Amino acid sequence: DSGVTQTPKHLITATGQRVTLRCSPRSGDLSVYWYQQSLDQGLQFLIQYYNGEERAKGNILERFSAQQFPDLHSELNLSSLELGDSALYFCASSGQGGNTEAFFGQGTRLTVV
Amino acid sequence: LAKTTQPISMDSYEGQEVNITCSHNNIATNDYITWYQQFPSQGPRFIIQGYKTKVTNEVASLFIPADRKSSTLSLPRVSLSDTAVYYCLVGPSGSGYALNFGKGTSLLVTP
Chain U
-4 DSGVTQTPKH
6 LITATGQRVT
16 LRCSPRSGDL
26 SVYWYQQSLD
36 QGLQFLIQYY
46 NGEERAKGNI
56 LERFSAQQFP
66 DLHSELNLSS
76 LELGDSALYF
86 CASSGQGGNT
96 EAFFGQGTRL
106 TVV
Chain E
154 LAKTTQPISM
164 DSYEGQEVNI
174 TCSHNNIATN
184 DYITWYQQFP
194 SQGPRFIIQG
204 YKTKVTNEVA
214 SLFIPADRKS
224 STLSLPRVSL
234 SDTAVYYCLV
244 GPSGSGYALN
254 FGKGTSLLVT
264 P
C-alpha cells in the first residue's frame, strides 16, 4: 500500500460527458502529480500541484483541469470526453525534496463509450 | 529535460542477472537518475535512484559511469515476479516527477 488513494477505481461513461477523478496523497506530502497511461503513449505527465498551487504542466488537454484543495487532496476533471480519453489515470504524491520518492496510487481506469 | 532511450523489451530466464541500460546523453549537472517498476494495472513503484558511480539496495543496483551519459539497472537473479515494465527517469533535483515516464522497458522473465 503506497498510501495514495484514488477513487473511483473504474469509471465507464459516454462521449461528451464530464467526470471527476479524486486523489488523496500520502499524509504530509505536498506535491500531487497526475498522469495518463495509454498503450500508444505510455505514461504521460499531465499536471503537478504543490501545496495548492499549480507547479508544472505537461501534456494536459484544455478539456482537462485539476485542482488541489486545502486538505491537499486533488481532483482531475475531464470534460467533453472522447473515446481517445479512455486510459488509466494515475496520481502520485511526494514530499518536499525534489528528488524524493514519488508514491503512486492504484489508478482510475476510465472507459469512454 | 534530458531525453532518455531504453530498450522496448527484454527477455530473461529465471535466476539470471538482467541489465537494462538507459541512454541520457544530454543529462545536466544537477540531474538525478531514477528507476521505477510497474506491474500490469498497478501504479509504478520506486526501485532505485542515483547521481553517480554505483548505488545498491536490497532489490537492485544502479551503475552510472563517470560521464553520466548512460546508466544501467541491474537486477540480480530475476524471478517470474520481476516481469514488469521498468522506467528510467532523468530530472533535475527540485523538479520532482513533472516528466513523462514514456513506455519503459518491458521485461519478461520465463522459467
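First to last, the protein sequences are chains U and E.
According to the working numbering, the first sequence is numbered sequentially starting from -4.
According to the working numbering, the second sequence is numbered sequentially starting from 154.
Note that CB positions come from ideal geometry on N, CA and C, so glycine has one too.
None of the values given here were measured: they were computed from a predicted structure.
- Message: By DSSP's criteria, Ile7 (chain U) is part of a beta bridge. Which residues make up the other side?
- Response: According to DSSP, which records beta bridges pairwise, Ile7 (chain U) is partnered with U:Thr106.
- Could you name the residues of the same chain whose beta carbon sits closer than 6 Å to that of Gln63 (chain U), not counting the 5 residues immediately before and after it, in chain order? Hits under 6 Å: Val27, Tyr44, Gly47 and Ser69.
- In or out: Phe85 (chain U) buried (at least 16 other Cβ within 10 Å) or exposed? Counting of Cβ neighbours within 10 angstroms places Phe85 (chain U) among the buried residues, the total reaching 16 or more.
- Message: Taking the straight line between their C-alpha atoms, what separation do you get for Leu78 (chain U) and Leu16 (chain U)?
- Response: Approximately 17 Å, taken between the alpha carbons.
- Query: How about the region 101 to 108 of chain U and the region 247 to 264 of chain E: do they share at least three Cβ pairs that are nearer than 8 Å?
  - Reply: No: fewer than three Cβ pairs fall under 8 Å.
- Along chain U, in chain order, which residues have C-beta atoms closer than 7 Å to that of Tyr250 (chain E)? Going along chain U in sequence order, the residues near Tyr250 (chain E) (Cβ under 7 Å) are Tyr28, Ala87, Ser89 and Ala97.
- Answer yes or no: does any C-beta atom of chain B fall closer than 8 Å to that of Leu67 (chain U)? The question asks about chain B, but that chain is absent: this structure's protein chains are U and E.
- Task: Flag Arg198 (chain E) as yes if its beta-carbon sits less than 8 Å from any beta-carbon of chain U, otherwise no.
- Result: By this cut-off, Arg198 (chain E) is an interface position.
- Pro197 (chain E) - containing beta strand (DSSP E), residue span: DSSP places Pro197 (chain E) in no beta strand (DSSP E); its state is neither H nor E.
- Query: Less than 8 Å separating the beta-carbons of Glu167 (chain E) and Leu226 (chain E)?
  - Reply: Between Glu167 (chain E) and Leu226 (chain E), the CB-CB gap reaches or exceeds 8 Å.
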